[in-house]
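Engineer: Here it is: the structure, laid out below.
There are 2 protein chains.
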Amino acid sequence: MSKQRIYLFDTTLRDGQQTPGIDFSVEDKIAIARLLDDFGIDYVEGGYPGANPTDDAFFDRKRTKDARFVAFGMTKRAGVSASNDPGLAALIRSSSDAICFVAKSWDYHVKVALGCTNEENLESVRASVEAAVKAGKEAMVDCEHFFDGFKANPEYAIACARTALEAGARWVVLCDTNGGTLPSEIKTIVGQVIASGIPGENLGIHAHDDTGQAVANSLAAIEAGVCQVQGTLNGIGERCGNANLISIIPTLALKPAFADRFETGISSGQLAGISRLSRAFDELLNRAPEAQAPYVGTSAFATKAGIHASAIAKEPKTYEHVPPETVGNRRKVMVSDQGGKANFIAELKRRGIDVPREDTLLDSLISVVKEREATGYAYEGADASFELLARRMLHTVPDFFDVISFRCIVERRFDANGNIKTVSEAIVKVSVDGDERMSVAEGHGPVNALDLALRKDLGRYQNELNDLELADYKVRILNGGTEAITRVLIESRDSTGARWWTVGVSDNIIDASFQALMDSVIYKLMKNRELAGLVAAE
Amino acid sequence: MSKQRIYLFDTTLRDGQQTPGIDFSVEDKIAIARLLDDFGIDYVEGGYPGANPTDDAFFDRKRTKDARFVAFGMTKRAGVSASNDPGLAALIRSSSDAICFVAKSWDYHVKVALGCTNEENLESVRASVEAAVKAGKEAMVDCEHFFDGFKANPEYAIACARTALEAGARWVVLCDTNGGTLPSEIKTIVGQVIASGIPGENLGIHAHDDTGQAVANSLAAIEAGVCQVQGTLNGIGERCGNANLISIIPTLALKPAFADRFETGISSGQLAGISRLSRAFDELLNRAPEAQAPYVGTSAFATKAGIHASAIAKEPKTYEHVPPETVGNRRKVMVSDQGGKANFIAELKRRGIDVPREDTLLDSLISVVKEREATGYAYEGADASFELLARRMLHTVPDFFDVISFRCIVERRFDANGNIKTVSEAIVKVSVDGDERMSVAEGHGPVNALDLALRKDLGRYQNELNDLELADYKVRILNGGTEAITRVLIESRDSTGARWWTVGVSDNIIDASFQALMDSVIYKLMKNRELAGLVAAE
């Protein structure tokens, strides 16, 4: 039996742009369109040409290679001919392969928002679709508020869909614009639409996450017969977001209930790039990827529980709903005070450290980790500090240098012009190869000053640290009030693209930050040697 | 027709504890149990007594008033009698109302993970439930991997459920432990379980979010007949998280498809507290609430200025799937001006500050707040700083004292005995009534030192500040890397029982902390005068 083809339609650049706090530049749009195109999405909706200068510029040429490039806009206004509607003209003029018209399909909104008759609205749909087709473009119609409209007046909602198809539209997309429709309602209504004679091959679904069910609504519509699914990267979008394509695509491809009946344009090789796609998009938005995101989050295949960890090491398949590598992700058994010995061995192994189960150093390491976690360290979030601690206890980290002392001063006062000025200065004294060196630096804040001073003169290690950068800095106060313990997590990166987290804990925030900084520097030096195969030779 | 009662079971403190990066202290657990209990949850699962010292301490007394307090643990081991199993004994001994046993219901796992026979596993379920019931506790059984187990061997999965009920369990909970089951599968399997003779009144659902459908899976199970739903606050949990009760509860209460058939223990008054509950929990975790969270996120009812905004102002009901106030949230149309001004007037009024709409000072205040929020201030979480700013701009705060300068030094070195020692010292110069005073203090960390030095000598204000205490201190880095901006929130309290939050923002953490400290001290002095009715007389 041949499988039904499901078409993937991405609206990150159009509906995703409605996300509070997100505004794409033309360059952002170009980069995102390329990501989507390379990944294998069928339709990339780029925006609303004619509505703003960014989208005008973005649509001045075709921005995709394989994907169909879609312009979004309103149907022509009632009482104006298609050839005289400036909005429609801008859509036709744009360098798009397809036009997605948004049309009212709830009679109440036709009256209140458009202020025209139901028949005039149908006529606008018809004329707009015909104009697009005549211009050689693929036409589709987003039926806004379709499900609410169907509940109020099913005949009119269906008439909108039918008018669009009769005028030559390739697709009619059923939109749950307010996002409040439930999966069982979606399934029933899609079934009724198809039963009314509209073919599922021409239907799409556009869902929003206002009840936390946009993914389920989209999949329910596919089960009921629609063949196009709209959504966004990582589920961005207005209010609670759009359906998350990053969650929908793996389910379509990997779950027998879907994979046995349907196919998409995404190959298994492309699917293995979906974790990278999701993270690349977050990078572009300059935000931290969501660790708990389905399929692609760094925690999606992570286990903390001691009771499960040893079983997972033995039989991963029965504990994982899909193999992590199919979506380009990986298994992670976390170190924490809940984990057992098997966790530790597995984690050390993943880092290339082989320790026999009966080695007493392993027991010492476990008890040190537990002791430190009891005082506030969190090694599960600080991979590099954990690896460093393990290697130190197993005697495979050289003493690169010693910090003899540091001092750091923050001073606020009025400058000569009467303006308030805050200056941070740090002095660090280190010993490298028996040689004492003192460095001083000013920074934005005491931690930045300490970082600069620490790395200012480390003798023969100096040049290795040039590409080390702080990428993120997190502070958590573990117990409020005056006896507060501060936990600092620092993320570092270097020019190889590697990123690592280190941790420091103290009742003094500067001290905690310094510990995390030191771990990061030492880890970087150790990593360099490991790459060069020099650990043993030091 | 009477409605079917659905019972809400929260496992934030047990399964939620499996979230990477989350570790609750006993104090955290006490605070969260109180939030859940006050909100009206039926069952609060507190943890795993016998497994770790935190849970032992937490279960040394009952921690809920109305909710049933549930201990989680394994069924007794095969080959050991119930009375000789130390794990079971710890559960029975705990101060819980109910025990939730986890039991294998997938024959494959019985063999591989437990290493016992199918019959021995059933016997462990039976004996454990009987022991709990005999001890006067409500018993329930979490059937681990139920759906995967059912697909592999439906008879055995059902036998586990039946054994538990026959032994006296109140509930059998069907767990989608790996999180990969789809809503349509859940619906079919729950239907088959009920058709086999297990009453829906005794069934619960426990779903995970590995395909982004934990909420849909839970609701599908309820539609199919289960009467208990398990989940966590804000959907925390292992891997991709558990079913999010914060999303499920409003759908059950507000959507006719559910509300017409089912009822929960949550009144409409309690439901209006759900946004507050969700945010209070994030506060406790010291993380930013998710703006796009269904129902409760600050963006859940927000519309970006555009085609919808003016229509929403006219006809909110047809653009919102539920009224925001039913879940204690509010509409947000981001076109500012009119709506913005009314908000400000209301916010000021709530603090006893009356400003006429046409007062130009009000416009200045609005623009200063917007400007500051754009640079990172968050007045929503810092009531006292907002009130202070408003009163300052409306000229009703006296100049109590001026800070001329401060200096703060953190030094780490080896002491005479060769131990590392970190000392923090702060010097503050203030002017009170034209009189300059300098104070110096040592503290645990630079912020503590600054706080002590600032309050050491403030002349005639000195005695008023004796009962001022710092209760909490939170730090958030607003944009990672080297241009990081630090936001510090400080919670203060005094002997009247009042608590207030102040905020400071700077690229320098010490500077940001000092701003928040200063606001706290000034707010306290202002509050004292207000209580004494002396503001005008200063």
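These protein sequence lines are chains A and B, in that order. Following the numbering used here, the numbering of the first sequence begins with 31 at its first residue and continues without gaps. Following the numbering used here, the numbering of the second sequence begins with 31 at its first residue and continues without gaps. Heads up, the beta-carbon is just placed ideally off N, CA and C, and yes, glycines get one too.
#1: Compare the C-beta of A:T281 with all C-beta atoms of chain B and state if any pair is closer than 8 Å.
#2: Beta-carbon of B:D239 versus every beta-carbon of chain A: anything under 8 Å?
#3: From what residue to what residue does the alpha helix (DSSP H) around A:R529 run?
#4: Could you check where the alpha helix (DSSP H) with A:R309 kicks off and where it finishes?
#5: Less than 8 Å between the C-beta atoms of B:C146 and B:D172, yes or no?
#6: Following the continuous beta strand (DSSP E) through B:Q260, name the residue where it begins and the one where it ends.
#7: Identify whether A:V223 lies in helix, strand or coil by the three-state DSSP scheme.
#8: In angstroms, rounded to a whole number, what distance separates the CA positions of A:E248 and A:I507?
#9: Which of helix, strand or coil does DSSP assign to B:I515?
#10: For the segment 348 to 359 of chain A, enumerate the residues whose C-beta is nearer than 8 Å to any C-beta of chain B, in chain order.
#11: Counting only C-beta atoms, is B:I122 closer than 8 Å to chain A at any point?
#12: Should A:T218 be counted as a contact of the ligand HEM given a C-beta to heavy atom distance under 7 Å?
#13: Give the interface partners of B:G271 over in chain A, defined as CB-CB distance under 8 Å, in chain order.
#14: Run down chain A in chain order and give the residues with a C-beta less than 7 Å from the C-beta of B:S277.
#15: Spatial neighbours of A:P354 within its chain, please: CB distance less than 6 Å, with the 5 preceding and 5 following residues excluded, ordered by chain position.
#16: Output needed for A:A567: all residues of its chain with C-beta closer than 6 Å, excluding positions within five of it in sequence on either side, in chain order.
#17: Which ranges does the alpha helix (DSSP H) cover as unbroken runs of at least 4 residues, wholly within the segment 387 to 452 of chain A, from first to last along the chain?
#18: Do the segment 481 to 497 of chain B and the segment 548 to 561 of chain A make contact, defined as three or more Cβ pairs closer than 8 Å?
#19: Along the chain, which unbroken stretches of the alpha helix (DSSP H) at least 4 residues long are found entirely within the segment 135 to 191 of chain B?
#20: In its own chain, which residues sit with a C-beta less than 6 Å from the C-beta of B:M468, not counting the 5 before and 5 after it?
#21: Output, in chain order, the set of chain B residues within a Cβ distance shorter than 9 Å of A:D137.
#22: Assign A:T390 to one of two classes, buried (16 or more other C-beta atoms within 10 Å of its C-beta) or exposed (fewer than that).
#23: Using the Cα positions of A:F69 and A:V385, report the straight-line distance between them to the nearest angstrom.
#24: Could you tell me the distance, in whole angstroms, from the CA atom of A:Q258 to the CA atom of A:I235?
#25: Using a Cβ-Cβ cut-off of 8 Å, state whether A:S329 counts as contacting chain B.
#26: Quick one: does A:D541 have its CB under 8 Å from some CB of chain B?
#27: Check whether the segment 399 to 413 of chain A touches the segment 396 to 413 of chain B, counting contact only when three or more Cβ pairs, one atom from each stretch, lie closer than 8 Å.
#28: Would you report the Cα separation of A:A63 and A:R309, rounded to the nearest angstrom?
#29: Between the segment 517 to 534 of chain B and the segment 546 to 553 of chain B, do at least 3 Cβ pairs fall closer than 8 Å?
#30: Does the beta-carbon distance from A:V256 to A:V220 come in below 8 Å?
#31: Interface residues of chain A around B:E466 at Cβ under 8 Å?
#32: Pull up the distance between the alpha-carbon of B:I457 and that of A:R442, whole angstroms please.
#33: Would you be able to state if there are at least three C-beta pairs under 8 Å between the segment 183 to 191 of chain B and the segment 111 to 129 of chain B?
#34: Is the shortest distance between the beta-carbon of B:V220 and the beta-carbons of chain A less than 8 Å?
#35: Under a CB-based cut-off of 8 Å, is B:T42 close to chain A?
#36: Using a cut-off of 8 Å between C-beta atoms, extract the partners of A:V245 located in chain B.
Structural biologist: If we stick to the structure as given:
#1: yes
#2: yes
#3: Counting along the chain, A:R529 falls outside any alpha helix (DSSP H), though it belongs to the beta strand (DSSP E) covering 529 to 536.
#4: 304 to 315
#5: no
#6: 258 to 261
#7: helix
#8: Note that residue 248 of chain A is Ser in the sequence shown, not Glu. Cα to Cα, A:S248 sits roughly 41 Å from A:I507.
#9: coil
#10: T348, Y349, E350, H351, V352
#11: no
#12: Inclusion of the ligand HEM in the displayed structure is not the case, the ligand content being empty and no account of it being possible.
#13: Q322
#14: T241, G242
#15: F331, R360, R361
#16: In this predicted model, A:A567 has a pLDDT of only 41, less than 50, meaning its place in the structure is not dependable; the value taken from the coordinates is given anyway. Once the five neighbours on either side are set aside, A:A567 has no close Cβ partner at all.
#17: 390 to 404, 413 to 423
#18: no
#19: 148 to 164, 176 to 182
#20: K459
#21: Neighbours of A:D137 on chain B: none; closest Cβ ~11 Å, over 9 Å.
#22: exposed
#23: 41 Å
#24: 6 Å
#25: yes
#26: yes
#27: no
#28: 15 Å
#29: yes
#30: yes
#31: By Cβ distance, chain A contributes nothing, its closest Cβ being about 13 Å from B:E466, past 8 Å.
#32: 10 Å
#33: no
#34: no
#35: no
#36: T241, G242, Q243, A246
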